[in-house]
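Protein chains in written order, with the working numbering: chain G, 5 to 281; chain X, 31 to 378.
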Amino acid sequence: MGDTANRDRPHGSADDQTLRIHNLSWAPEKTRAPILDQVTCSFENGFFYGIIGPNGSGKTSLIRHILRFLDVSQGTVTLDGKNIEEYRRVDLAREIAFVPQNTQIEVPFSVYDIIMMGRTPYQNRFGGTSETDRDAVQYAMDLTDCAYLKDQEFTLLSGGEAQRVIAARAIAQDTPWLILDEPISNLDIRHQFGIMDTLKMLNKARGRTIISVLHDVNLASAYCDRLILMKDGRIFAEGPTEDTLTLDNLRSVYGMEFSVILHPETGKKYFVPNQFA
Amino acid sequence: MKRERSILFHIAWLAPALFLCIVGAASLGSAHLSFFDSLRIIGSGIPGLHSIVSTDGIADVYTKIVWQVRMPRILLAGLVGCGLSVVGATFQGLFRNSLADPHILGISSGAAVGATIAIISGISFHFLGLSGICAAAFAGAVVTAFLVYRISSIGSKLPVMNILLTGIAVSAMFSALISLLMTLNRDQIDKVYMWTLGSFSSASKTRVLFLLFFVVAATAGLMLYARKLNVIATGDETAESLGIDTSRVKKVLIVLASLLVAACVSVSGIIGFVGLIIPHCTRIISGPKHERLLPLSCFAGAIFMILCDTLARTLAAPSEIPVGVITSVFGAPFFIFLLQRSKRKLVR
Numbered sequence: 005m006g007d008t009a010n011r012d013r014p015h016g017s018a019d020d021q022t023l024r025i026h027n028l029s030w031a032p033e034k035t036r037a038p039i040l041d042q043v044t045c046s047f048e049n050g051f052f053y054g055i056i057g058p059n060g061s062g063k064t065s066l067i068r069h070i071l072r073f074l075d076v077s078q079g080t081v082t083l084d085g086k087n088i089e090e091y092r093r094v095d096l097a098r099e100i101a102f103v104p105q106n107t108q109i110e111v112p113f114s115v116y117d118i119i120m121m122g123r124t125p126y127q128n129r130f131g132g133t134s135e136t137d138r139d140a141v142q143y144a145m146d147l148t149d150c151a152y153l154k155d156q157e158f159t160l161l162s163g164g165e166a167q168r169v170i171a172a173r174a175i176a177q178d179t180p181w182l183i184l185d186e187p188i189s190n191l192d193i194r195h196q197f198g199i200m201d202t203l204k205m206l207n208k209a210r211g212r213t214i215i216s217v218l219h220d221v222n223l224a225s226a227y228c229d230r231l232i233l234m235k236d237g238r239i240f241a242e243g244p245t246e247d248t249l250t251l252d253n254l255r256s257v258y259g260m261e262f263s264v265i266l267h268p269e270t271g272k273k274y275f276v277p278n279q280f281a
Numbered sequence: 031m032k033r034e035r036s037i038l039f040h041i042a043w044l045a046p047a048l049f050l051c052i053v054g055a056a057s058l059g060s061a062h063l064s065f066f067d068s069l070r071i072i073g074s075g076i077p078g079l080h081s082i083v084s085t086d087g088i089a090d091v092y093t094k095i096v097w098q099v100r101m102p103r104i105l106l107a108g109l110v111g112c113g114l115s116v117v118g119a120t121f122q123g124l125f126r127n128s129l130a131d132p133h134i135l136g137i138s139s140g141a142a143v144g145a146t147i148a149i150i151s152g153i154s155f156h157f158l159g160l161s162g163i164c165a166a167a168f169a170g171a172v173v174t175a176f177l178v179y180r181i182s183s184i185g186s187k188l189p190v191m192n193i194l195l196t197g198i199a200v201s202a203m204f205s206a207l208i209s210l211l212m213t214l215n216r217d218q219i220d221k222v223y224m225w226t227l228g229s230f231s232s233a234s235k236t237r238v239l240f241l242l243f244f245v246v247a248a249t250a251g252l253m254l255y256a257r258k259l260n261v262i263a264t265g266d267e268t269a270e271s272l273g274i275d276t277s278r279v280k281k282v283l284i285v286l287a288s289l290l291v292a293a294c295v296s297v298s299g300i301i302g303f304v305g306l307i308i309p310h311c312t313r314i315i316s317g318p319k320h321e322r323l324l325p326l327s328c329f330a331g332a333i334f335m336i337l338c339d340t341l342a343r344t345l346a347a348p349s350e351i352p353v354g355v356i357t358s359v360f361g362a363p364f365f366i367f368l369l370q371r372s373k374r375k376l377v378r
């Protein structure tokens, strides 16, 4: 586990711990227009990445390929130099944890049971839960403010509580990579910042690489080291947040005019759509 | 949510309850025995207890009735109840559908087609000591399971909706085929119809051993995947992101469960409702985790089926009521009662 990490080169050589996507194309049906069109990008270990772009730009499809929910039909996805198709699922689950957009679960498991499922990749058929498992679950609950929900039925939680519990499950999975698909869409503003702060902490203090699809440009601006802007199944821009999040890029990607205002106290940039006039 | 009790606690009362059911069921019938005589006869037949329990004063004929007539039937009913319940619980988790039951994949309809053809053609062969009808039903079920599986898989994936809809379609098709066969062979309608309603009247030691093998092997196999089933019940992709090869686990579970259904249906006909309600009832005490649900469903299913079959053969003696009628007539109100009492814990 990494301690406080250097921002630029957090973990040894970046070369051997990289998630590379090369020329990835995908269409749900052969006759339809591709959802992903020759996507090439890479995620280096130790950074906090945001993927932003309008609906239907291919953000979720990109993630689904990385997680092998979809077979890579054209192009390659490699993790640490090895093609992800060659990983056993259980080994991949020890590398990458995932927080999905849809957190609906119909079976009335308790919150604790759900979070404990994050430990599945480390458990065998018969063994019970180990001390490490229980510690990891407790740690994840503390970080996501879920401990008080522990004994409740997951199915009875509100959308935001459910999202935090699912985030806790991914944190309990204790992987170097954490991929999130709009993890804060159902959260109230306090918990939005709570989860983003937690992710930032996991990133900075424990060296986890975070890749998150986000819809809120300003949250992306505040938390992400690097951004990937997607449009029409392609990478429109990628790089350090300050370089990629420009008024020109936003206009091109979203087809909307934005203005920048500066926060009166911190002086940080805040992007406001001009429709707010 | 209350702290859950250990599974051993539940087995510690369910196992004796099952035993008492068996003893009670063995004492009832046209030749009436007292509960304690029944207990002594059964006790004396259990290896190891033979020297302690004596059957002095009980006529030999009763021992014969209990061990050769009633016990095979009781044990067969228990095993079928157990098998159908375990499969029901597995399918409900695997398909994430509270309405799933063992017959949902059309396997039972396939068995019925096999049995119908055997009945109508009047063939009489024996296979592994099983009657022609039974063997044909088993073959029909296995072929159907294979068919449904092949039709519904897309590449290496097995989408839940696909397999459910395929099962329902195949089931409808086979039901129609059976109706057609019955219409064309009116003299056999009675026999075919009674087969499909389900009965344990042709129980035999061979059938008990045949089914015992499948119940033990399949249940043990399903138990190996109980924890993975928990994760799959929360979603296929979630399970994949947690390192489970969902497609493979699904295939293994469907094959095991299908074989078990095939074996159950081939020896008893199509007994409805048990595989649907017993898992739901069991969840009240076991909770949703399959490593608890599956074994406890075994006991609950066995007890329920033995009770139902005992009613089936005694209520209107000397004639019999089809056991499938009993499972629904008595099971449905009981289920509705539980549903009302603990709405939250059952289907939502």
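Virtual Cβ for every residue (Gly too), placed ideally from N, Cα, C.
Between residue i and chain G, is the shortest Cβ-Cβ distance under 8 angstroms, so that the two count as touching?
i	result
P102 (chain X)	no
P325 (chain X)	no
A166 (chain X)	no
V222 (chain X)	no
P309 (chain X)	no
R35 (chain X)	no
P318 (chain X)	yes
L369 (chain X)	no
R25 (chain X)	For residue 25 (chain X) there is no data in the structure shown, the boundaries of chain X being 31 and 378.
L241 (chain X)	no
L254 (chain X)	yes
M31 (chain X)	The pLDDT assigned to M31 (chain X) is 42, lower than 50, so where the model puts this residue is not dependable, and the model offers no usable value.
Taking only beta-carbon positions, decide if residue i is within less than 8 angstroms of chain X.
i	result
I109 (chain G)	yes
T124 (chain G)	yes
R282 (chain G)	Nothing about residue 282 (chain G) can be read from this structure; chain G reaches only from 5 to 281.
L161 (chain G)	no
Name the chain G residues whose beta carbon is nearer than 9 angstroms to that of residue i?
i	result
D275 (chain X)	R92, R93 and V94
P363 (chain X)	Within chain G, no residue comes near P363 (chain X); the closest Cβ sits about 24 angstroms away, beyond 9 angstroms.
V261 (chain X)	M121 and T124
Pick from the options: whose alpha carbon is nearest that of residue i?
i	options	result
R173 (chain G)	G:L23, G:D137, G:D75 and G:I55	G:D137
I88 (chain G)	G:V276, G:R68, G:F275 and G:L223	G:R68
K63 (chain G)	G:L223, G:Y116, G:S77 and G:I239	G:I239
S282 (chain G)	G:I25, G:S61 and G:R123	Residue 282 (chain G) falls outside the range modelled here, since chain G spans only 5 to 281, and no answer is possible.
L326 (chain X)	X:G299, X:R100 and X:L114	X:L114
P348 (chain X)	X:S231, X:I198, X:G305 and X:R216	X:S231
L289 (chain X)	X:L306, X:C311, X:E270 and X:L252	X:L252
G185 (chain X)	G:D75, G:D192 and G:T107	G:D75
G271 (chain G)	G:L96, G:P187, G:A226 and G:G132	G:A226
S151 (chain X)	X:L369, X:M212, X:Q122 and X:G317	X:M212
Along chain B, in chain order, which residues have C-beta atoms closer than 9 angstroms to that of residue i?
i	result
A97 (chain G)	Chain labels in this structure do not include chain B; the protein chains are G and X.
So residue i contacts chain G; which residues on that side make the cut at Cβ distance below 7 angstroms?
i	result
E267 (chain X)	F73 and P104
Mind pulling the chain G residues with CB within less than 8 angstroms of residue i?
i	result
T264 (chain X)	I109, V111, F113, I118 and M121
R257 (chain X)	T124, Q127 and R129
P46 (chain X)	In chain order: nothing, as chain G lies at least about 26 angstroms away.
Compute the minimum distance between the beta carbon of residue i and the heavy atoms of the ligand PLP, and state whether it is under 7 angstroms.
i	result
I301 (chain X)	Looking for the ligand PLP in the displayed structure turns up nothing, as the structure carries no ligands at all.
**OP:** Report yes or no: do three or more beta-carbon pairs, one from the stretch 98 to 107 of chain G and one from the stretch 115 to 126 of chain X, lie closer than 8 angstroms?
**Re:** Taking 8 angstroms as the limit for Cβ pairs, the verdict is that the stretch 115 to 126 of chain X does not touch the stretch 98 to 107 of chain G.
Original post:
Would you say the stretch 234 to 253 of chain X touches the stretch 289 to 296 of chain X, given that touching needs at least three Cβ pairs under 8 angstroms?
Top reply: yes
Subject >> Inter-stretch contact at 8 angstroms, needing at least 3 Cβ pairs: the stretch 209 to 218 of chain G / the stretch 180 to 191 of chain G >> reply: yes
Original post:
At which residue ranges does the stretch 179 to 255 of chain G contain complete beta strand (DSSP E) runs of 3 or more residues, listed in the order of the chain?
Top reply: 181 to 185, 213 to 217, 230 to 235 and 238 to 244
Original post:
Touching or not, the stretch 41 to 61 of chain X and the stretch 344 to 355 of chain X, by the rule of three or more beta carbon pairs under 8 angstroms?
Top reply: yes
**OP:** Could I get the ranges of all uninterrupted alpha helix (DSSP H) runs contained in the stretch 194 to 272 of chain X, with 4 residues as the minimum, in chain order?
**Re:** For the alpha helix (DSSP H) assignment, the uninterrupted runs of no fewer than 4 residues enclosed by the stretch 194 to 272 of chain X are, from N- to C-terminal side, 219 to 227, 235 to 254, 256 to 262 and 266 to 271.
Original post:
Where are the alpha helix (DSSP H) runs, 4 residues long or more, that stay fully inside the stretch 80 to 165 of chain G, in chain order?
Top reply: 93 to 97, 115 to 120 and 135 to 148
Original post:
Would you say the stretch 106 to 113 of chain G touches the stretch 259 to 268 of chain X, given that touching needs at least three Cβ pairs under 8 angstroms?
Top reply: A contact is defined here as three or more CB-CB pairs under 8 angstroms, and the stretch 106 to 113 of chain G meets this definition with respect to the stretch 259 to 268 of chain X.
Subject >> Segments assigned alpha helix (DSSP H), at least 4 residues, entirely inside the stretch 55 to 85 of chain X >> reply: 65 to 75
Original post:
Can you list the alpha helix (DSSP H) stretches of 4 or more residues lying completely in the stretch 95 to 155 of chain X, in chain order?
Top reply: As for any alpha helix (DSSP H) of minimum length 4 sitting wholly inside the stretch 95 to 155 of chain X, the runs are 101 to 124 and 137 to 151, ordered along the chain.
Original post:
Using 8 angstroms as the threshold, is the stretch 164 to 180 of chain X in touch with the stretch 133 to 143 of chain X, meaning 3 or more CB pairs across them?
Top reply: yes
Original post:
Any chance the stretch 81 to 95 of chain G sits against the stretch 197 to 215 of chain G, with 3 or more Cβ pairs inside 8 angstroms?
Top reply: Counting Cβ pairs under 8 angstroms, fewer than three are found: no touch.
**OP:** May I ask you to verify whether the stretch 217 to 232 of chain G touches the stretch 261 to 276 of chain G, counting CB pairs closer than 8 angstroms and requiring at least 3?
**Re:** yes
**OP:** Could I get the ranges of all uninterrupted beta strand (DSSP E) runs contained in the stretch 38 to 79 of chain G, with 3 residues as the minimum, in chain order?
**Re:** 40 to 48 and 52 to 56
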